[in-house]
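Quick note on numbering: the sequence shown equals residues 2 to 316 in this note's numbering. Beta carbons are placed, not taken as given, at the ideal position from N, Cα and C, and that holds for glycine. These numbers were taken from a predicted model, which means no experiment stands behind them. One structure is given here, and the rest of the page talks about it.
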Amino acid sequence: MTKRRIILDCDPGQDDAVAILLALASPEEIDLLGITTVAGNVPLTLTESNARRICELAGRPDIKVFAGAKRPLIRDLVTAEWIHGRTGIDGANLPDPTMPLQDRHAVDFIIETCLASEDNSITLCPIGPMTNLALAFMKEPDIIPKIQEIVCMGGAVKEFGNTTPAAEFNIYVDPHAAAKVLDTGIKFTMMPLDVTHKALVTPERLQRMKDMNSPVGDVCGGMLDYFNRFDMTRYGFDGGPLHDPCVIAYLIKPGIFSGRQVSLDIETGSELTMGQTLADWWDIQEDKEKNAFICDDLDSDAFFDLLQERLSRLK
Ligand code: BDR
Ligand code: CA
2 MTKRRIILDC DPGQDDAVAI LLALASPEEI DLLGITTVAG NVPLTLTESN ARRICELAGR
62 PDIKVFAGAK RPLIRDLVTA EWIHGRTGID GANLPDPTMP LQDRHAVDFI IETCLASEDN
122 SITLCPIGPM TNLALAFMKE PDIIPKIQEI VCMGGAVKEF GNTTPAAEFN IYVDPHAAAK
182 VLDTGIKFTM MPLDVTHKAL VTPERLQRMK DMNSPVGDVC GGMLDYFNRF DMTRYGFDGG
242 PLHDPCVIAY LIKPGIFSGR QVSLDIETGS ELTMGQTLAD WWDIQEDKEK NAFICDDLDS
302 DAFFDLLQER LSRLK
């Protein structure tokens, strides 16, 4: 397997934080070129500092972290403190970061990194609203051929939404950005709620993390204890869904996941269904281009075994 050169675009977020840790713990499969941050779960000042906190926790203050868009392309910013807490990573109890935030804007980092790379050599991994990616494509469309694939967390296909009945959070917050990114025609792979709602941090899985007896295990245990409470109460789930790490796990072991190549559209016109991801799962419109690979299932034990094995590498 060739190593993926990735840019992780995120809004930490407890599950984003675990995705960062999984990427940092997997150097055989993943070359993390940089972390770009966006306003989403919490405002940008928190998402960028949380990303740095997590890099420092992993002993990687050398990772380049960039701040990007403070708000979506068109709509007002909607945040999710009711899920993630005031800091975005409540439960982590990490000190303020000391590693620097990079001077360059996240969008310029994405553009410059892509332009300096060979065609088809970069994987973009948005696990928050796709504002930074859309801005990069608008500012410099010449980056499009440089990108091998976009693997994102977002959307809900056969499931209902988690922010409105129709829409999942990342797509709802900036549906115009998500639609622009999809419109580039770049190979597009999506981890919607259909799959992430099967990646549940059950009490046993949470205990396994806590039992690692390492700073990373303690922080993940604390964060996910906090994060679990929302979905367990609202949906009656056996644990909180570990949405964003699904993107990184897919890059490491795609065989854990299954899905379908389908035609996908994103609603940007209707206030009622804003941000809905409409997938033609049953190929009703046979002639329409199948523009997205959408995962709807995973081997959850294999996913958590992978996560556990990788996180235990970080001391
Ligand atoms: C997505 O929204 C955020 O709350 C999570 O970090 C994840 O990226 C799930 O809908
Ligand atoms: Ca996220």
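Spatially closest choice to aspartate 77 from Pro101, Val182, Pro44 and Gln309, by CA coordinates: Residue 77 sits at position 76 when you count from the first residue of the sequence shown. Among Pro101, Val182, Pro44 and Gln309, the Cα nearest to that of aspartate 77 is on Pro44.
Run of the beta strand (DSSP E) containing threonine 124, from where it starts to where it stops: Locating residue 124 in the sequence shown gives position 123, where the first residue counts as 1. Counting along the chain, the beta strand (DSSP E) containing threonine 124 begins and ends at 123-127.
Sufficient close CB pairs (3 or more, under 8 angstroms) joining the stretch 90-109 to the stretch 213-225: Verdict: yes, contact present.
Residue range of the alpha helix (DSSP H) that includes glutamine 309: In the sequence shown, counting from the first residue as 1, residue 309 sits at position 308. Unbroken alpha helix (DSSP H) run through glutamine 309: 301-312.
Ligand 2 heavy atom lying under 8 angstroms from the CB of glycine 218: The residue you call residue 218 lines up with position 217 of the sequence shown. Result no, Cβ not under 8 angstroms from ligand 2.
DSSP bridge partner residues for glutamine 262 (one or two, in chain order): Indexing the sequence shown from 1 puts residue 262 at position 261. Looking at the DSSP assignment, glutamine 262 forms a beta bridge with Phe294.
Check whether proline 242 and lysine 199 have beta carbons under 9 angstroms apart: One-based indexing of the sequence shown puts residue 242 at position 241. One-based indexing of the sequence shown puts residue 199 at position 198. In contact: proline 242 and lysine 199 (Cβ atoms closer than 9 angstroms).
Cβ shell of serine 301 (< 6 angstroms), same chain only, five flanking positions each side left out: For the purposes of this step, residue 301 is taken as residue 300 along the sequence shown, with counting starting at 1. Closer than 6 angstroms at the Cβ level, and outside the excluded window around serine 301, lie Lys199 and Ala200.
C-beta atoms of alanine 59 and phenylalanine 170 nearer than 9 angstroms: Counted from its first residue, the sequence shown places residue 59 at position 58. Counted from its first residue, the sequence shown places residue 170 at position 169. In this structure, phenylalanine 170 does not lie closer than 9 angstroms to alanine 59 by Cβ.
Threonine 234 classed as buried or exposed, judged by whether at least 16 other C-beta atoms fall within 10 angstroms: For the purposes of this step, residue 234 is taken as the residue at position 233 of the sequence shown. Looking at its Cβ environment, which holds fewer than 16 other Cβ atoms inside 10 Å, threonine 234 is exposed.
Heavy atom of ligand 1 within 8 angstroms of phenylalanine 304 beta-carbon: Numbered from 1 along the sequence shown, position 303 holds the residue referred to as residue 304. Not under cutoff, so the answer is no.
Cβ pair count under 8 angstroms reaching 3, the stretch 253-272 against the stretch 110-119: no
Start-end ranges of the beta strand (DSSP E) lying completely within the stretch 232-281, minimum 3 residues: 258-263, 265-267 and 278-280
Contact under 9 angstroms by Cβ, leucine 9 with cysteine 126: Position 8 of the sequence shown, counted from the start, is the residue given in the question as residue 9. Position 125 of the sequence shown, counted from the start, is the residue given in the question as residue 126. With a cutoff of 9 angstroms on beta-carbon distance, leucine 9 and cysteine 126 are scored as near each other.
Beta-carbon gap between leucine 136 and leucine 74 smaller than 9 angstroms: Here the question's residue 136 lines up with position 135 in the sequence shown. Here the question's residue 74 lines up with position 73 in the sequence shown. Taking 9 angstroms as the Cβ cut-off, leucine 136 and leucine 74 qualify as a contacting pair.
Near ligand 2: histidine 106 beta-carbon under 8 angstroms from a heavy atom: Position 105 of the sequence shown, counted from the first residue, corresponds to residue 106. No.
Rounded C-alpha distance that separates glutamine 208 from asparagine 229: In the sequence shown, counting from the first residue as 1, residue 208 sits at position 207. In the sequence shown, counting from the first residue as 1, residue 229 sits at position 228. The alpha-carbon atoms of glutamine 208 and asparagine 229 are separated by roughly 13 angstroms.
Range of the contiguous alpha helix (DSSP H) that encloses alanine 179: Along the sequence shown, one-based indexing puts residue 179 at 178. Element bounds for alanine 179: 176-184.
Cβ pair count under 8 angstroms reaching 3, the stretch 143-155 against the stretch 175-195: These segments touch.
Sequence-distant residues of the same chain with beta carbon closer than 8 angstroms to tyrosine 173, five excluded per side: The residue given as residue 173 occupies position 172 in the sequence shown. Same-chain partners within the cutoff: Val79, Gly162, Thr164, Thr165, Met275 and Gly276.
Which residues DSSP lists as bridging leucine 25, in chain order: What you label residue 25 is simply residue 24 of the sequence shown in a count that begins at 1. In DSSP, leucine 25 forms no bridge with anything.
Reduced DSSP secondary structure (H/G/I, E/B, other) of aspartate 284: Taking the first residue of the sequence shown as 1, we reach residue 284 at position 283. Three-state result, aspartate 284: coil.
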